[in-house]
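Student: Sequential numbering of the sequence shown, starting at 124, is according to the working numbering.
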Amino acid sequence: MRVLLVEDEVPLAEMVRRGLVADGHSVRVVHDGRAGLAAAGAGDHDVVVLDIMLPGLSGYRVLQHMRSAGIWTPVLMLTAKDGEYDEADAFDLGADDYLVKPFSFVVLLARLRALLRRSGEARPTVLTVGELRLDPARHRVHRGDTEIGLTPREFGVLEHLMRNAGEVVTKTDILRAVWDAHYEGEVNVVEVYVGYLRRKIDVPFGTHSIDTLRGVGYRMVEAPSTPPVDTAR
124 MRVLLVEDEV PLAEMVRRGL VADGHSVRVV HDGRAGLAAA GAGDHDVVVL DIMLPGLSGY
184 RVLQHMRSAG IWTPVLMLTA KDGEYDEADA FDLGADDYLV KPFSFVVLLA RLRALLRRSG
244 EARPTVLTVG ELRLDPARHR VHRGDTEIGL TPREFGVLEH LMRNAGEVVT KTDILRAVWD
304 AHYEGEVNVV EVYVGYLRRK IDVPFGTHSI DTLRGVGYRM VEAPSTPPVD TAR
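Structural data, given as structure tokens:
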């Protein structure tokens, strides 16, 4: 799940960002309304978490401009206010859900997954490459009838590869999508996780789903085959 978080309370934004990243999701954070509107228009996000009280441009106005521009990404609004008129205003402007601060992170995550399930018209609810299926909302992966258990990070890498099936993605692309902008470790950590994935989604089934293009990156093949002789990462 790719989340755009527009929140001017930096400690809260960082808490939410860390929690979502730990659960295997990609998060972009901006701290004012104008930057949020620009990011919503330029980025490819699954859901937007939008605070109402923002500097520069309020969350209400950001949402209004988004919907006027035909940007239908699901929006969950955050507010420190607990009033039925604020909630009604948010829904009237096109919000999909509403959460009052302080909130439970577990509840936030459940709400985001529910929004992702409901937005299936705009984006496939389940990603499919051959017999491999990935359900972003339920965080489940199957090959045929067999469920495959993945860690949050493995899930994020696989989701990114499947969303770009048939296309080459670089290690840097994967780091930006699955880790976050603050990651300062080795880029070769991607090789490690691709190796983990191969041992879970391919080796037990005698298939080959991820090509390595040496010096370039990785490609999820749209018609998985039997493993090649050289299976180096």
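Cβ coordinates follow ideal geometry from the N, Cα and C atoms, glycine included.
Would a C-beta distance cut-off of 7 Å place T156 and V126 closer than the cut-off?
Tutor: For the purposes of this step, residue 156 is taken as the residue at position 33 of the sequence shown. For the purposes of this step, residue 126 is taken as the residue at position 3 of the sequence shown. Correcting the residue identity first, residue 156 is Gly in this sequence and not Thr. Against a cut-off of 7 Å, the Cβ pair of V126 and G156 comes out as no contact.
Student: Can you have a look at M138 and say buried or exposed, based on whether 16 or more other CB atoms are within 10 angstroms of its CB?
Tutor: Stepping through the sequence shown from its first residue, residue 138 is reached at position 15. Per the 10 Å Cβ criterion, exposed.
Student: Consult DSSP for R125 and reduce its assignment to one of helix, strand or coil.
Tutor: For the purposes of this step, residue 125 is taken as residue 2 along the sequence shown, with counting starting at 1. Reduced to three states, the DSSP call for R125 is strand.
Student: Would you check whether the ligand ZN has a heavy atom nearer than 6 Å to the C-beta of R322?
Tutor: Summarising the ligand content, the structure contains no ligands, and the ligand ZN is consequently not present.
Student: To the nearest angstrom, report how far apart D220 and G338 are at their CA atoms.
Tutor: On the sequence shown, position 97 is the one that residue 220 refers to. On the sequence shown, position 215 is the one that residue 338 refers to. So the two alpha carbons sit approximately 44 Å from each other.
Student: Buried or exposed: where does S149 fall if 16 or more other Cβ atoms within 10 Å of its Cβ makes it buried?
Tutor: The sequence position of residue 149 within the sequence shown is 26, counting from 1. S149 is buried by the Cβ-count criterion.
Student: Sorted by chain position, which residues of the same chain lie with C-beta nearer than 6 Å to L180's C-beta, five sequence neighbours on each side aside?
Tutor: Counting from one through the sequence shown, the residue named residue 180 turns up at place 57. Cβ neighbours of L180 beyond the five flanking positions: G156 and R157.
Student: Spatial neighbours of A300 within its chain, please: CB distance less than 6 Å, with the 5 preceding and 5 following residues excluded, ordered by chain position.
Tutor: Locating residue 300 in the sequence shown gives position 177, counting from the first residue. Hits under 6 Å: S149 and H283.
Student: Please list, in chain order, all residues of the same chain as T295 whose beta carbon is under 8 Å from its beta carbon, the five residues on each side excluded.
Tutor: On the sequence shown, residue 295 is found 172 positions in, with the first residue counted as 1. So the qualifying residues of the chain are V310.
Student: Please state whether the Cβ-Cβ distance between L239 and P259 is less than 7 Å.
Tutor: For the purposes of this step, residue 239 is identified with residue 116 of the sequence shown, where counting begins at 1. For the purposes of this step, residue 259 is identified with residue 136 of the sequence shown, where counting begins at 1. Yes, the Cβ-Cβ distance between L239 and P259 is below 7 Å.
Student: DSSP three-state label for L231, please.
Tutor: Sequence index remark: in the sequence shown, residue 231 carries index 108 (1-based). Three-state DSSP puts L231 in a helix.
Student: Using the Cα positions of V153 and G329, report the straight-line distance between them to the nearest angstrom.
Tutor: Position 30 of the sequence shown, counting from 1, holds the residue named residue 153. Position 206 of the sequence shown, counting from 1, holds the residue named residue 329. Whole-angstrom Cα-Cα distance: 44 Å.
Student: What first and last residue would you give for the alpha helix (DSSP H) that runs through S191?
Tutor: Along the sequence shown, read from residue 1 onward, the residue named residue 191 stands at position 68. Where S191 is concerned, the enclosing alpha helix (DSSP H) stretches over G182 to S191.
Student: Which one of V249, D212 and R236 has the shortest CA to CA distance from T202?
Tutor: Taking the sequence shown and counting its residues from 1, one reaches residue 202 at position 79. Out of V249, D212 and R236, D212 has the C-alpha closest to the C-alpha of T202.
Student: Count the other C-beta atoms from every protein chain shown that fall within 10 angstroms of the C-beta of L336, then say buried if there are 16 or more, exposed otherwise.
Tutor: One-based indexing of the sequence shown puts residue 336 at position 213. Result: exposed.
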